[in-house]
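Okay, so here's the structure we're looking at.
Number of protein chains: 2
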Amino acid sequence: MKRPVLCGVGVGPGDPELLTLKAVRVLREADFVFVSASTKNEYSLALRVAAEYIPPERPIEHLPFPMTRDREKLEQAWEENARKVVEKLRVFSKVVFLTMGDPALYSTFGYLARWVRRLYPKVEIRMIPGITAAQAAAARFNLILTEGEEAFVLASGLAAEEVLKKFAGEKTSFALYKVYRRAPEIIEILRQTERLKDARAISWCGFPEEIIYEDATKISGSTPPYFTLLLVGGKALD
Amino acid sequence: MKRPVLCGVGVGPGDPELLTLKAVRVLREADFVFVSASTKNEYSLALRVAAEYIPPERPIEHLPFPMTRDREKLEQAWEENARKVVEKLRVFSKVVFLTMGDPALYSTFGYLARWVRRLYPKVEIRMIPGITAAQAAAARFNLILTEGEEAFVLASGLAAEEVLKKFAGEKTSFALYKVYRRAPEIIEILRQTERLKDARAISWCGFPEEIIYEDATKISGSTPPYFTLLLVGGKALD
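Chains A and B, in that order, give the protein sequences.
Note that my numbering has the first sequence beginning at 2, numbered continuously upward.
Note that my numbering has the second sequence beginning at 2, numbered continuously upward.
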């Protein structure tokens, strides 16, 4: 018997046209689709992005993931959700989990897949890469992120200070995710490391709700939307 | 009159299924297609990846880019190639340039587009993001590159030493491109920074010629193919 497959599918940053052909095929061929959702409601952004590529008869289940940093609560949610996935893997041979962006980069998929593997060792795990919000934002700003011997760093806003200081005085470009609640501190760090003039901010990149901030410091006035990122550095083509 | 558009289209890492739907649409709608090629022959890898999505009647021109680090020769090639692009932009409204991976990350597109802008200021520049080889390699190895507050660094092998040393002792993951002629030195740096055990090497990721090295040090025996990269760190799902 063939091993049942759990496939993490990256649906990209928000624009449904930025799915890959492979992601679209895998969605079409899947037996069962899981999506992550807030515990507060049944809403899934990844499903909103990919919905048009999922055949209408395909069963879809929302897995609630709490927005918390409490490790115990998270582990409990991952285990409970992994149990639901394993239940389907015992029945269906192709189960997918949708994730925004890319499953290898800041996705819930890794946590879920490790728990599934633990509970059901014979599962085969696959990943379908997706365009990241950083790449979409670079395209939106006509910005070359890295050339020649330069580096590009994808970092969490929660660790922005350490990462930016390592590259102080260099041309390295950055994408900072999760700037959310720490926006004022991050703007201040950018000011201190003299990178504020190179910073561009965008919320909901690629979604109809997209906001481009003419001045990156504008994100520090109030808490920006969850899907807000900063690009620092790079060379604009305009 | 509408501004003529030069669009840099990322065709992804090598697997034709990893183009985005948007890239496929833009190729279908383009009036003229440019591809980069070696000066030694007319061969273009990006064209090989995307060929099936380009309508057969569409004109395609190869732009020779020398594989050199001689700045003067490079500037001359960019200018000459930009002149050819401008010639087409005077006639056609949608001109595309194909690039492997993503146009914002280590692509020839930035150099070309800046020269085109200089010679023909009214051009509108657009970029279509593409899956990078690093993302495809992570998917190939079932590897989560970054979670939580960790960072991910995309760096050139030519600057591997400085970048790896900045993150010594940390969990940060890396993709090192352009390991090519410096493979033995890079393996030695990974050994010194105690990251060799976390390193995975792959050549031609996603192409039929793909080579996965069971042991990353194998790339240091002889010069590996140009499209060789190292992933360092991350968490395997297997």
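All C-beta atoms in this analysis are idealised placements derived from N, C-alpha and C, irrespective of residue type, glycine included.
Original post:
Buried or exposed: Ser45 of chain B, going by 16 or more other Cβ atoms within 10 Å of its Cβ?
Top reply: That one is buried.
**OP:** Assign Ala104 of chain A to one of two classes, buried (16 or more other C-beta atoms within 10 Å of its C-beta) or exposed (fewer than that).
**Re:** Reading off the sequence, residue 104 of chain A comes out as Pro, not Ala. So Pro104 of chain A counts as buried.
Original post:
Out of curiosity, what's the CA-to-CA distance linking Thr173 of chain B and Pro56 of chain B?
Top reply: 43 Å
Original post:
In angstroms, rounded to a whole number, what distance separates the CA positions of Lys198 of chain B and Ala156 of chain A?
Top reply: 23 Å
Original post:
What residues from chain A crowd round Lys167 of chain B, counting only those whose CB sits closer than 8 Å?
Top reply: Lys167 and Phe168
Original post:
So which of A:Thr147, A:Arg59 and A:Val34 has the shortest CA-CA distance to Thr100 of chain A?
Top reply: A:Val34
Original post:
Between Phe110 of chain B and the rest of its own chain, which residues show a CB-CB distance below 7 Å, the 5 nearest in sequence each way excluded?
Top reply: These residues qualify, in order along the chain: Gly9, Phe98, Thr100 and Pro104.
Original post:
Does the ligand NAD have even one heavy atom less than 7 Å from the beta-carbon of Leu46 of chain B?
Top reply: Here there are no bound small molecules, and the ligand NAD is not part of this structure.
Subject >> Assigned exposure category for Gly170 of chain B - 16 Cβ within 10 Å defines buried >> reply: Counting Cβ neighbours within 10 Å, Gly170 of chain B comes out exposed, since fewer than 16 surround it.
Original post:
For the putative contact between Leu238 of chain B and Ala176 of chain B, defined by C-beta atoms under 8 Å, what is the C-beta separation to the nearest angstrom?
Top reply: Not confirmed; about 17 Å, so no contact.
**OP:** Pull up the distance between the alpha-carbon of Arg183 of chain A and that of Ile212 of chain A, whole angstroms please.
**Re:** Straight-line Cα distance between these residues: approximately 18 Å.
Original post:
How about Pro5 of chain A: is its C-beta nearer than 8 Å to some C-beta of chain B?
Top reply: So no, Pro5 of chain A is outside the interface.
**OP:** Show which residues of chain A have a CB atom less than 9 Å away from the CB atom of Val10 of chain B.
**Re:** None at all; the shortest Cβ gap to chain A is about 10 Å.
Subject >> Proximity to Gly240 of chain B [Cα-Cα], best of B:Ala47, B:Asp32, B:Phe228 and B:Thr40 >> reply: In the structure as shown, chain B starts at 2 and stops at 239, and residue 240 of chain B therefore has no counterpart that could be examined.
Original post:
Around the C-beta of Glu151 of chain B, are 16 or more other C-beta atoms found within 10 angstroms, so that it is buried, or is it exposed?
Top reply: buried
Original post:
Do you know how far the Cα of Pro14 of chain A is from the Cα of Thr40 of chain A?
Top reply: 22 Å
**OP:** For Gly102 of chain B, count neighbouring C-beta atoms within 10 Å of its own C-beta (all shown protein chains included) and say buried if the count is 16 or more, exposed if not.
**Re:** By the neighbour-count rule (16 or more Cβ atoms within 10 Å), Gly102 of chain B is buried.
Original post:
How long is the line joining the alpha carbons of Ile203 of chain B and Ala138 of chain B, rounded to whole angstroms?
Top reply: 7 Å
Subject >> Whole-Å CB distance - Lys23 of chain B paired with Ile129 of chain B, under 8 Å assumed >> reply: 6 Å
Original post:
How long is the line joining the alpha carbons of Val54 of chain A and Leu19 of chain B, rounded to whole angstroms?
Top reply: First, the residue type needs correcting, since residue 54 of chain A is Tyr and not Val in the sequence shown. The straight-line gap from Cα to Cα measures roughly 16 Å.
Original post:
Going along the chain, which unbroken runs of the beta strand (DSSP E) with 3 or more residues stay wholly within the stretch 183 to 221 of chain B?
Top reply: Counting only runs of 3 or more, we get 200 to 204 and 212 to 214.
**OP:** Can you tell me which of the three DSSP states Phe110 of chain B falls into?
**Re:** helix
Original post:
Roughly how far, in whole angstroms, is the beta-carbon of Tyr112 of chain B from the beta-carbon of Val87 of chain B, given that I think they are within contact range, below 8 Å?
Top reply: Tyr112 of chain B to Val87 of chain B, Cβ: 15 Å. No contact.
Original post:
Using a beta-carbon distance below 8 Å, is Ser157 of chain A in contact with chain B?
Top reply: yes
Original post:
What whole-angstrom Cβ distance do Pro209 of chain B and Ser94 of chain B have, given they're in contact under 8 Å?
Top reply: The pair is not a contact, with the Cβ atoms about 36 Å apart (cut-off 8 Å).
Subject >> Same chain, Cβ closer than 7 Å to Ala161 of chain B, neighbours up to 5 away in sequence not counted >> reply: Leu177, Ile187 and Ile190
**OP:** Answer with yes or no whether the minimum CB distance from Ala160 of chain B to chain A is below 8 Å.
**Re:** yes
**OP:** Would you mind telling me which residues of chain A sit closer than 7 Å to Ile145 of chain B, beta carbon to beta carbon, in chain order?
**Re:** Ala105 and Gly111
Subject >> Leu106 of chain B and Phe153 of chain A closer than 8 Å at C-beta >> reply: yes
Original post:
Going by C-alpha distance, which of A:Asn82, A:Ile145, A:Thr218 and A:Gly207 is nearest Gly234 of chain A?
Top reply: A:Ile145
Original post:
Does the beta carbon of Val87 of chain A come closer than 8 Å to any beta carbon on chain B?
Top reply: no
**OP:** Check the Cβ of Gln136 of chain A against every Cβ in chain B and list those closer than 7 Å, keeping chain order.
**Re:** The answer, in chain order, is Asp103, Ala105 and Pro130.
Subject >> Supposed contact pair Leu232 of chain A and Ala135 of chain A - C-beta distance, whole angstroms, cut 8 Å >> reply: 7 Å
**OP:** Using a Cβ-Cβ cut-off of less than 9 Å, list which residues of the stretch 182 to 203 of chain B approach chain A; keep chain order.
**Re:** none
**OP:** Could you check the C-alpha separation between Leu75 of chain A and Glu148 of chain B for me, to the nearest Å?
**Re:** Roughly 14 Å separates the two Cα atoms.
Subject >> CA-to-CA distance, Glu58 of chain A to Asp32 of chain A, given in whole angstroms >> reply: If you draw a straight line from the Cα of Asp32 of chain A to the Cα of Glu58 of chain A, it comes to about 10 Å.
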